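There are 2 protein chains.
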Amino acid sequence: MIVKSKQPNVKGTVPRRSYRQFCSLARALDILGERWTLLVVRNLLLGPQRYKDLLDGLPGIGTNLLARRLKDLEQQGIVRRRQLPPPAGSTVYELAELGRGLEPAVIALSRWGLWTLQHPRPRNLFRPAWGMLAMRILFRPEAARGVRETYQWQIDEEVFHIRVDDGAAEVQQGPAPHPDLVFTCDSETFRGLAARTLSPEDALASGSLKFEGDVAALAHFREVFQPPD
Amino acid sequence: MIVKSKQPNVKGTVPRRSYRQFCSLARALDILGERWTLLVVRNLLLGPQRYKDLLDGLPGIGTNLLARRLKDLEQQGIVRRRQLPPPAGSTVYELAELGRGLEPAVIALSRWGLWTLQHPRPRNLFRPAWGMLAMRILFRPEAARGVRETYQWQIDEEVFHIRVDDGAAEVQQGPAPHPDLVFTCDSETFRGLAARTLSPEDALASGSLKFEGDVAALAHFREVFQPPD
DNA sequence: CTGCATCCGCCTCGATACTG
DNA sequence: CAGTATCGAGGCGGATGCAG
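For the protein sequence lines, the chains are R and X, in the order given. Using this note's numbering, read the first sequence as starting at -11 and increasing by one per residue. Using this note's numbering, read the second sequence as starting at -11 and increasing by one per residue.
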């Protein structure tokens, strides 16, 4: 005789599959362990996104699956659905407190995965937003003591900024009010920088990477975002 | 026309499902994101395990799935298969360098998941080994400066130890040579301690938790393994 | 056009049985 | 003890439908 461990599957109240272990890792994976879930969180770490933005930023996800993940994440209190004020009026998804608390875990997993970028797969896509995650990985809090600067990155048509404030760093999409430094490059160059297969020196020397701003700020940036070698 | 992105699926050389993104998080999840994989790593973080130990420590996993996960993890260089020297002679699985590098990510995810233990699910199982993971989470490096002690935990029939060495902590299964402190309790008590629904004071007062050793070491332990509140 | 819902084929998962 | 073989159920991926 087969005993169903799940409820009769009332539509909308599906009791998610669970490891049924009293363990914080297992419980975390009950919530985040399904396919695409952590990648949705990754994309939302840069700021609120519309449904369409998420679809574009998650190439390969099915539109149905994205909808389901967002619904689950919202129900779990990780993601919040919000209407932008007029005249925009569009709905955006953003991380709730619980979701923002995932940053350390996302960073830790990404840092572990850094080695894989040395062995690139043939047909892998790249988005500048994912490269900004690498910036978050390379950030060294102890080297940022006393530093209070904002760095802006313009990669092709996309803009991001990093706000460093004395040991803390925040990476967000969009321009910053008064950046101390503005970098400009194309997506290909940024890809190399993020994967550390292209050194900043070479990129600056070849002109594929340009910067505008104080030279002292550039020195700070290079000091603060250094690989742990 | 439908283009198959995968190879003809030759047995043994299956090209694993991939997000196909040039992103360290996506690549990490290509390797670790499938069901049970990180839980296998969690169990191996406490030391080498036989196949049977892993099956017991991962209730709910199918034996076929465990075999497949171990094979994949070994091929990825995360897990190593090793024969114990005679007279034991049994095969054990242990983490390779790459696998040991996963500890920060596992800790980070577990720490995020700690809040879930306040809302226990009805039929969730518990193993002392999972509680030792909580110990690793509660460890505060800055409070362990200058501390160089070993704490042993005897939970029902299982034994673990924690070696603290000036800002670093290592949690392993089995007894320690010369522990500075030995705790003894049953699984139920330990579960409450790990979930922080039972305070050490109450446990010691009620006698469900006993300790043997130096009182100064007990003070150190309490200082070093404190919640971040 | 955005923001989903529905449908369908395939592949992974989970449970059990079985073998060296 | 240490796995392999088998098979049904369900999650996933891709295409398409549809309402605001």
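Cβ atoms here follow ideal geometry from the backbone N, Cα and C, with glycine treated the same way. All of these numbers come straight from a predicted model, not from anything done at the bench.
Interface residues of chain X facing residue i [CB-CB closer than 9 angstroms]
i, result
"residue 112 of chain R", "6, 7, 8, 9, 10, 11, 14 and 15"
"residue 118 of chain R", "9, 10, 11, 12, 13 and 14"
Distance, residue j Cα to residue i Cα
i, j, result
"residue 42 of chain R", "residue 163 of chain R", "19 angstroms"
"residue 211 of chain X", "residue 61 of chain R", "36 angstroms"
"residue 174 of chain X", "residue 120 of chain X", "14 angstroms"
"residue 20 of chain X", "residue 24 of chain R", "13 angstroms"
"residue 1 of chain R", "residue 59 of chain R", "In this prediction, residue 1 of chain R has a pLDDT of 48, which is less than 50 and means its spatial position is unreliable; what the coordinates show is noted afterwards. Each residue's alpha carbon lies about 11 angstroms from the other."
"residue 71 of chain X", "residue 37 of chain X", "11 angstroms"
"residue -2 of chain X", "residue 54 of chain X", "Because the pLDDT at residue -2 of chain X is just 40, under 50, the model does not fix this residue reliably, and the value given afterwards should be weighed accordingly. If you take the alpha carbons of residue -2 of chain X and residue 54 of chain X, they lie about 21 angstroms apart."
"residue 124 of chain X", "residue 186 of chain X", "18 angstroms"
"residue 196 of chain R", "residue 147 of chain X", "58 angstroms"
"residue 117 of chain X", "residue 157 of chain X", "16 angstroms"
"residue 151 of chain X", "residue 57 of chain R", "41 angstroms"
"residue 109 of chain X", "residue 8 of chain R", "8 angstroms"
"residue 49 of chain R", "residue 5 of chain X", "13 angstroms"
"residue 179 of chain R", "residue 188 of chain X", "50 angstroms"
"residue 104 of chain X", "residue 64 of chain R", "11 angstroms"
"residue 16 of chain X", "residue 96 of chain R", "10 angstroms"
"residue 74 of chain X", "residue 80 of chain X", "13 angstroms"
"residue 191 of chain R", "residue 51 of chain R", "37 angstroms"
"residue 213 of chain X", "residue 114 of chain X", "21 angstroms"
"residue 39 of chain R", "residue 127 of chain R", "29 angstroms"
"residue 159 of chain X", "residue 35 of chain X", "9 angstroms"
"residue 135 of chain R", "residue 209 of chain R", "9 angstroms"
"residue 153 of chain R", "residue 206 of chain R", "16 angstroms"
"residue 67 of chain R", "residue 165 of chain R", "27 angstroms"
"residue 130 of chain X", "residue 76 of chain R", "47 angstroms"
"residue 200 of chain R", "residue 215 of chain R", "23 angstroms"
"residue 44 of chain R", "residue 161 of chain R", "15 angstroms"
"residue 85 of chain R", "residue 18 of chain X", "27 angstroms"
"residue 107 of chain X", "residue 122 of chain X", "16 angstroms"
"residue 69 of chain R", "residue 83 of chain R", "9 angstroms"
"residue 168 of chain X", "residue 177 of chain R", "55 angstroms"
"residue 203 of chain R", "residue 181 of chain X", "53 angstroms"
"residue 22 of chain R", "residue 46 of chain R", "15 angstroms"
"residue 133 of chain R", "residue 193 of chain X", "44 angstroms"
Residue i at chain R interface by Cβ criterion, 8 angstroms
i, result
"residue 175 of chain X", "no"
"residue 181 of chain X", "no"
"residue 172 of chain X", "no"
"residue 105 of chain X", "yes"
"residue 108 of chain X", "yes"
"residue 101 of chain X", "yes"
"residue 56 of chain X", "no"
"residue 151 of chain X", "no"
"residue -10 of chain X", "Because residue -10 of chain X carries a pLDDT of 32, less than 50, the predicted location of this residue cannot be relied on, and no value is offered for it."
Minimum Cβ-Cβ distance from residue i to chain X less than 8 angstroms
i, result
"residue 51 of chain R", "no"
"residue 131 of chain R", "no"
"residue 136 of chain R", "no"
"residue 89 of chain R", "yes"
"residue 155 of chain R", "no"
"residue 35 of chain R", "no"
"residue 30 of chain R", "yes"
Within chain R, the residues that residue i reaches when beta carbons sit closer than 8 angstroms
i, result
"residue 70 of chain X", "Here the premise fails: no neighbours, minimum Cβ distance about 23 angstroms."
Contacts that residue i makes with chain R (C-beta to C-beta distance below 9 angstroms)
i, result
"residue 43 of chain X", "Going along chain R, no residue has its Cβ under 9 angstroms from residue 43 of chain X, so there is no contact; the nearest lies around 14 angstroms."
"residue 185 of chain X", "Those do not exist, as residue 185 of chain X stays about 11 angstroms from chain R at its closest Cβ, beyond 9 angstroms."
"residue 122 of chain X", "11 and 12"
"residue 128 of chain X", "Near residue 128 of chain X there are no residues of chain R at all, since even the closest Cβ is about 15 angstroms away, more than 9 angstroms."
8 angstroms Cβ cut-off: residues of chain X touching residue i
i, result
"residue 26 of chain R", "13, 17 and 21"
"residue 94 of chain R", "13"
"residue 48 of chain R", "7, 8 and 9"
Contacts that residue i makes with chain X (C-beta to C-beta distance below 7 angstroms)
i, result
"residue 222 of chain R", "This structure gives no information on residue 222 of chain R, because the portion of chain R shown stretches from -11 to 217."
>> Report the start-end ranges of each alpha helix (DSSP H) in the region 55 to 114 of chain R that is 4 residues or longer and not cut off at the edges.
In response: 85 to 88 and 91 to 101
> Is there contact here, the region 24 to 34 of chain X with the region 79 to 97 of chain X, by at least three beta-carbon pairs under 8 angstroms?
Replying inline: yes
>> So, does the region 136 to 148 of chain X touch the region 172 to 188 of chain X, judging by three or more C-beta pairs under 8 angstroms?
In response: yes
>> Pairs of beta-carbons, one from the region 3 to 19 of chain R and one from the region 95 to 114 of chain X, closer than 8 angstroms: are there three or more?
In response: yes
>> So within the region 109 to 143 of chain X, which uninterrupted beta strand (DSSP E) runs reach at least 3 residues, ignoring any that extend past its ends?
In response: 136 to 143
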